[in-house]
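Chains as they are written, first to last, in my numbering: chain X, 345 to 681; chain L, 9 to 281. Here the structure comes first, spelled out in structure tokens, and everything after it is commentary.
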């Protein structure tokens, strides 16, 4: 849609103007990892807008770790500043599951509706980042209300929705028309970052994750190699931005139910009455995570349930790296031929 | 008042029927009428203990009460078995797609059931009986472990009087008492049935191992995979295709099933647990 320019100083004023009406979250963190934090007047000037994605997945804002699901969904205006392309791509999957299907989930839908997404281009990457391997890019092209591309003294702002346009419209004095050179600078940075992420993953030669997973389905490597260091901590599932599985349970209040995140890496997850379990071993359970993300969600929605954010790589106690797993399966395939 | 999709409707237990040593049928009267199609399932909850999916075993034409036949197999079902008439449970649903009964009109319908798998099949059978003139033949092949393990024993004499319904029964073994019919696993009954395979469908429900070999055997005798319908009940939890528990390849059993054709299941590696 439309493009604007805003200085760093004016951008902070812009965000601070929403602190009373919205719960505003931004990225903070000086070390390797960035974290989502609730912002106030003191913390807003210190937020990180670009760099790369936070350690926590954005799904937490729409599908919290634990949530009561029998009362009327409560609405709170929320604004997220610094959402990355991989995060927005995660929401395609959670939207498909929660907002689509036989009935829209009212709790997810309400939060999604009440949340303004201000996204930003990546101007750095983590060693675990691999969006380019998944056919994505380190900058958002849609799914945001506003997107921020860094410039030397401020941001090039792109509006993505009428809501985003209205936010800019309400603060016209803070924005300027962008000079054409800023658009060129943005494109140059995007091209540079895309190459950087590609170079980061130059060691991985697989190109079709669905095909690699499907043809390697019966591989002995799942048990013997890929899942051999899995300690069943479930961290990869909970940190994943597209993992939507949950467990419904009772509370002490009659007919009240809560849902909590659940994980297909747990032994009891797929077990049925009588004790039969379709995924008894760690290898089968880890394979299920790959087939879910790379085959079946692609079959359902036309895109992968993995956007290459690399969070599962960052948190794995057993150093399981999905990129390396796929490399092992694809090299096995080549050996077999 | 807001009505959440996850909130159960209270239902009073009107009557409890002992079917076998570990299977009981609960006759439930929900506070609000609940209309279901045969083969759809409900989530039955007991506050403080949990919730599990069951397919009603009663006729969908009887709306005031719903029968649910439950085998004692875990924490929740054990607690359910200890309940008495007059107590209250919760019901959500119905969920999923039932049997596509209209597609069976004019055909030979073979029902293959094993053990407590007879529960959804009873609802299906009662639906067929309601419109028996619409089907060419109705054949029930039902197997249980022993004569004691037969569910709905009291209904079989009644069903045997229905001339449009052919019934074949088997038991895996007969340790005590008398058994006049077949001894052997249920699939051996299929050798005794002669069908017009160009115009027949098979509807299967039972333990996973029986479903697996039942489907294979039906194919061997000439059924085509699109004509074999299997109830793939698993551990459906939310019932709405969201929570992921019942995923089966690209499908969620709760919203895409629980009834699937064998043709739908064949491309999925290891569809039977």
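Glycine included, each C-beta is placed from N, C-alpha and C at the ideal position.
Close-in-space but distant-in-sequence residues of the same chain around residue i (CB under 8 angstroms, 5 per side omitted)
| i | result |
| --- | --- |
| residue 681 (chain X) | Residue placement at residue 681 (chain X) is poorly supported in this model, since its pLDDT is 45, which falls under 50; the coordinates still yield a value, given next. Nothing meets the Cβ criterion. |
| residue 361 (chain X) | 515 |
| residue 448 (chain X) | 442 |
| residue 234 (chain L) | 269, 270, 271 |
Range of the contiguous beta strand (DSSP E) that encloses residue i
| i | result |
| --- | --- |
| residue 605 (chain X) | 601-605 |
| residue 150 (chain L) | 145-152 |
| residue 77 (chain L) | 74-79 |
| residue 20 (chain L) | 17-26 |
| residue 177 (chain L) | 173-179 |
| residue 121 (chain L) | 116-122 |
Under 8 angstroms by beta carbon: chain X residues contacting residue i
| i | result |
| --- | --- |
| residue 278 (chain L) | 622 |
| residue 263 (chain L) | 445, 446 |
| residue 98 (chain L) | 599 |
Buried versus exposed, by CB contacts within 10 Å (16 or more), residue i
| i | result |
| --- | --- |
| residue 507 (chain X) | exposed |
| residue 69 (chain L) | exposed |
| residue 483 (chain X) | buried |
| residue 358 (chain X) | buried |
| residue 531 (chain X) | exposed |
| residue 295 (chain L) | The shown model of chain L, from 9 to 281, leaves out residue 295 (chain L), and the question about it has no answer. |
| residue 510 (chain X) | exposed |
| residue 250 (chain L) | buried |
| residue 402 (chain X) | buried |
Residue interval of the alpha helix (DSSP H) (run including residue i)
| i | result |
| --- | --- |
| residue 644 (chain X) | 641-645 |
| residue 434 (chain X) | 429-438 |
| residue 480 (chain X) | Per DSSP, residue 480 (chain X) belongs to no alpha helix (DSSP H) and is neither H nor E. |
| residue 582 (chain X) | 579-583 |
| residue 131 (chain L) | 126-138 |
| residue 491 (chain X) | From DSSP, residue 491 (chain X) is part of no alpha helix (DSSP H) but of the beta strand (DSSP E) over 490-494. |
| residue 533 (chain X) | 524-544 |
Within chain L, partners of residue i - CB distance below 7 angstroms
| i | result |
| --- | --- |
| residue 644 (chain X) | 258 |
| residue 592 (chain X) | 14, 59, 245, 246, 251 |
| residue 413 (chain X) | 12, 14 |
| residue 416 (chain X) | 10 |
Near the ligand ZN: residue i beta-carbon under 6 angstroms from a heavy atom
| i | result |
| --- | --- |
| residue 131 (chain L) | Of the ligands one can find in the structure shown there are none, so the ligand ZN has no counterpart to examine. |
Chain X residues whose Cβ lies nearer than 7 angstroms to that of residue i
| i | result |
| --- | --- |
| residue 151 (chain L) | What residue 151 (chain L) touches in chain X: nothing, since even the nearest Cβ is about 17 angstroms away. |
| residue 127 (chain L) | The contacting residues do not exist; residue 127 (chain L) stays about 12 angstroms from chain X at best. |
| residue 16 (chain L) | 599 |
| residue 216 (chain L) | 620 |
Close beta carbons around residue i, own chain, < 6 angstroms, minus the five adjacent residues each side
| i | result |
| --- | --- |
| residue 157 (chain L) | 28 |
| residue 119 (chain L) | 129, 148, 211 |
| residue 174 (chain L) | 147 |
| residue 537 (chain X) | 466, 482 |
| residue 661 (chain X) | 575, 577 |
| residue 468 (chain X) | 395, 396 |
| residue 203 (chain L) | 116 |
Neighbourhood of residue i by C-beta distance below 7 angstroms, restricted to the same chain and skipping five residues each side
| i | result |
| --- | --- |
| residue 136 (chain L) | 117, 143, 146 |
| residue 221 (chain L) | 195 |
| residue 477 (chain X) | 545, 548, 652, 667 |
| residue 225 (chain L) | 195, 198 |
| residue 522 (chain X) | 347, 348, 349, 500 |
Distance, residue j Cα to residue i Cα
| i | j | result |
| --- | --- | --- |
| residue 558 (chain X) | residue 633 (chain X) | 13 angstroms |
| residue 643 (chain X) | residue 75 (chain L) | 37 angstroms |
| residue 415 (chain X) | residue 407 (chain X) | 15 angstroms |
| residue 580 (chain X) | residue 611 (chain X) | 15 angstroms |
| residue 446 (chain X) | residue 432 (chain X) | 23 angstroms |
| residue 539 (chain X) | residue 386 (chain X) | 36 angstroms |
| residue 578 (chain X) | residue 345 (chain X) | 40 angstroms |
| residue 189 (chain L) | residue 214 (chain L) | 20 angstroms |
| residue 630 (chain X) | residue 270 (chain L) | 26 angstroms |
| residue 671 (chain X) | residue 153 (chain L) | 48 angstroms |
| residue 398 (chain X) | residue 472 (chain X) | 12 angstroms |
| residue 179 (chain L) | residue 151 (chain L) | 5 angstroms |
| residue 379 (chain X) | residue 411 (chain X) | 21 angstroms |
| residue 560 (chain X) | residue 109 (chain L) | 39 angstroms |
| residue 201 (chain L) | residue 97 (chain L) | 41 angstroms |
| residue 655 (chain X) | residue 585 (chain X) | 8 angstroms |
| residue 400 (chain X) | residue 434 (chain X) | 12 angstroms |
| residue 183 (chain L) | residue 246 (chain L) | 41 angstroms |
Listed by chain order, chain L residues near residue i by CB distance under 9 angstroms
| i | result |
| --- | --- |
| residue 581 (chain X) | Result: empty, since nearest Cβ-Cβ is about 10 angstroms, beyond 9 angstroms. |
Neighbouring residues, chain X, relative to residue i (Cβ below 9 angstroms)
| i | result |
| --- | --- |
| residue 82 (chain L) | 617, 618, 619 |
| residue 255 (chain L) | 589, 608, 614, 632, 636, 640 |
Per-residue contacts from residue i into chain L (C-beta, under 8 angstroms)
| i | result |
| --- | --- |
| residue 406 (chain X) | Per Cβ cutoff of 8 angstroms: no residues; residue 406 (chain X) is ~13 angstroms from chain L at best. |
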